[in-house]
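> Here you go, one structure.
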Amino acid sequence: MLPERFYIGDAEVLVGADVDETVRIAAGQFAAIARKLSSEDRMMHVALSGGSTPRRLFQSLASEPFVGIVPWRSICFFWGDERNVPPNHHDSNFGVARELLLSLVPVPPSNVYRIPAGDGTAIEAAEFYERTLRQKVPIMNGFPRLDFVMLGLGANGHTASLFPHRPTLHERERFVVADHVEEVHAWRVTLTTPVFNNAAQVTFLVTGEDKAPVVEQVIAGPRDADSVPAQLIAPIDGRLTWILDTAAASQLNRPATAQQRANG
Ligand code: 6PG
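Take any residue in the sequence shown, count from 1 to its spot, add 38: that is its number in the numbering used here.
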């Protein structure tokens with residue numbers, strides 16, 4: 039069954055009936071972009087998100103049909119953000135992706151670029167990763183041009199590790215910054231808004247009833263990016279897609295269809 043699909047402004051919204059279908063939609067988008075780039079002999083440069091939502095996506099990608107159709111050797115993996123913990127820490131975004139996906143598919147380890155969090159300070163990790171992005175990702179408009187960015191959404195409107203009212207929201211030069219986020223009492227390392235907005239495809243994957251209010255606020259609410267940092271995400275010339283389950287999309291007003299408009 040095809041997912042519900044509509045646009046709100048420039049944002050494409052795809053709604054899956056349940057979490058399994060929603061995750062399959064995201065895995066399908068990932069696979070389609072990877073296969074298209076591979077058919078053009080191009081590497082796909084991906085930035086993965088963290089938190090709990092991507093776990094199901096990683097499991098889906100590591101299973102049939104996706105595990106057999108994704109050109110894994112044509113993908114370079116990066117991260118949109120990381121907690122300042124070592125890879126084997128349960129909070130490590132890299133650690134989750136390694137456990138549920140990268141250890142199960144034939145991605146050459148040399149194509150996996152972990153944010154070196156936990157090795158030293160978060161500031162050192164950010165400075166190192168800035169150099170990594172400059173060296174390993176094609177530069178366009180002065181910023182790394184990622185082919186696919188997967189983002190999650192916190193109930194407070196943060197995305198990656200861009201948290202409300204933080205100075206990092208206004209970074210317009212550096213690719214990667216470190217921030218001590220009082221809200222989570224921890225150092226974080228995150229890519230910055232201009233990098234996310236330079237991507238060819240940015241996809242938010244959000245599920246669950248608890249996220250319905252913030253999904254509506256980000257997509258259709260008044261513009262207040264300092265309070266709702268996910269509103270900063272507006273690709274310059276790339277595509278923005280929200281892949282939601284029915285629960286997370288439950289407070290979104292669907293735009294009137296042409297027929298409804300014709301019916302008045
Ligand atoms: C992180 C993520 C963060 C996450 C949201 C949603 O490192 O935590 O990058 O931005 O995507 O907090 O997290 P859940 O998927 O766990 O709700």
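Every residue gets a Cβ at the ideal spot worked out from N, C-alpha and C, and that includes glycine.
For F234, which of S87, L99, L290, I71 has the nearest alpha-carbon?
Position 196 of the sequence shown, counted from the start, is the residue given in the question as residue 234. Of the listed residues, the one whose Cα sits closest to F234 is S87.
> Identify every run of the beta strand (DSSP E) within the stretch 179-244, keeping only runs that are complete inside it and at least 3 residues long; order them along the chain.
Fully enclosed beta strand (DSSP E) runs of 3 or longer: 186-189, 214-219, 224-229, 239-244.
> Between G190, A72, V123, which has its C-alpha nearest S112's C-alpha?
Counted from its first residue, the sequence shown places residue 112 at position 74. For S112, the nearest C-alpha among the options comes from A72.
> Does the distance between the C-beta of L189 and the nearest non-hydrogen atom of ligand 1 fall short of 8 Å?
Within the sequence shown, the letter at position 151 stands for residue 189. Yes, Cβ of L189 sits closer than 8 Å to a heavy atom of ligand 1.
> So, L171 versus P267, is the Cβ gap smaller than 9 Å?
Taking the sequence shown and counting its residues from 1, the one referred to as residue 171 is at position 133. Taking the sequence shown and counting its residues from 1, the one referred to as residue 267 is at position 229. No, the pair does not count as a contact, with Cβ atoms beyond the cut-off.
> What three-state label does DSSP hand Y151 in the structure shown?
The sequence position of residue 151 within the sequence shown is 113, counting from 1. In the structure shown, Y151 sits in coil (DSSP, three-state: anything other than H, G, I, E or B).
> Any idea if G180 is buried or exposed, counting beta-carbon neighbours within 10 angstroms, 16 or more meaning buried?
Numbered from 1 along the sequence shown, position 142 holds the residue referred to as residue 180. With fewer than 16 Cβ atoms within 10 Å of its Cβ, G180 is classed as exposed.
> May I ask you to check if the CB of T197 is nearer than 8 Å to at least one heavy atom of ligand 1?
Within the sequence shown, the letter at position 159 stands for residue 197. Yes - ligand 1 has a heavy atom lying nearer than 8 Å to the Cβ of T197.
> Quick check: what's the CA-CA separation for M39 versus P147?
Within the sequence shown, numbered from 1, the residue matching residue 39 stands at position 1. Within the sequence shown, numbered from 1, the residue matching residue 147 stands at position 109. Each residue's alpha carbon lies about 36 Å from the other.
> Just checking my contact of M188 with L243 at CB under 8 Å: how many whole Å lie between their CB atoms?
Residue numbering aside, residue 188 sits at position 150 when the sequence shown is read from its first letter. Residue numbering aside, residue 243 sits at position 205 when the sequence shown is read from its first letter. About 6 Å separates the two Cβ atoms, so the contact holds.
> Assuming R62 is part of the beta strand (DSSP E), what are its boundary residues?
Stepping through the sequence shown from its first residue, residue 62 is reached at position 24. From DSSP, R62 is part of no beta strand (DSSP E) but of the alpha helix (DSSP H) over 57-77.
> According to the neighbour-count rule (16 or more other Cβ atoms, all chains shown, within 10 Å of its Cβ), is G106 buried or exposed?
Within the sequence shown, residue 106 is the residue found at index 68, counting from 1. The residue is exposed, with fewer than 16 neighbouring Cβ atoms inside 10 Å.
> Mind checking who F115 pairs with in its DSSP beta bridge?
Start at 1 with the first residue of the sequence shown, and residue 115 comes out as number 77. In the DSSP output, where bridge partners are listed per residue, F115 has V84, V150.
> Report the rounded CA-to-CA distance for A272 versus G190, giving the unit in angstroms.
Reading the sequence shown from its first residue, position 234 is the one you call residue 272. Reading the sequence shown from its first residue, position 152 is the one you call residue 190. Cα-Cα distance, rounded: 15 Å.
> At a cut-off of 8 Å, would you count R226 as near ligand 1, judging by its Cβ distance to the nearest heavy atom?
Here the question's residue 226 lines up with position 188 in the sequence shown. At least one heavy atom of ligand 1 is nearer than 8 Å to the Cβ of R226, so yes.
> Say yes only if the C-beta of T91 is nearer than 8 Å to one or more non-hydrogen atoms of ligand 1, and no if none qualify.
As a position in the sequence shown, residue 91 is number 53, starting the count at 1. Yes; taking the cut-off as 8 Å, the Cβ of T91 has a heavy atom of ligand 1 nearer than that.
> Could you check what DSSP says for E102 in three-state terms: helix, strand or coil?
For the purposes of this step, residue 102 is identified with residue 64 of the sequence shown, where counting begins at 1. Of the three classes helix, strand and coil, the one that applies to E102 here is coil, per DSSP.
> Within 8 Å: the Cβ of E120 and any heavy atom of ligand 1?
Translated into the one-based positions of the sequence shown, residue 120 becomes position 82. Result yes, Cβ under 8 Å from ligand 1.
> Find the nearest neighbour of N149 within the set D283, R136, A65, judged by alpha-carbon distance.
The sequence position of residue 149 within the sequence shown is 111, counting from 1. The shortest C-alpha separation from N149 is found at R136.
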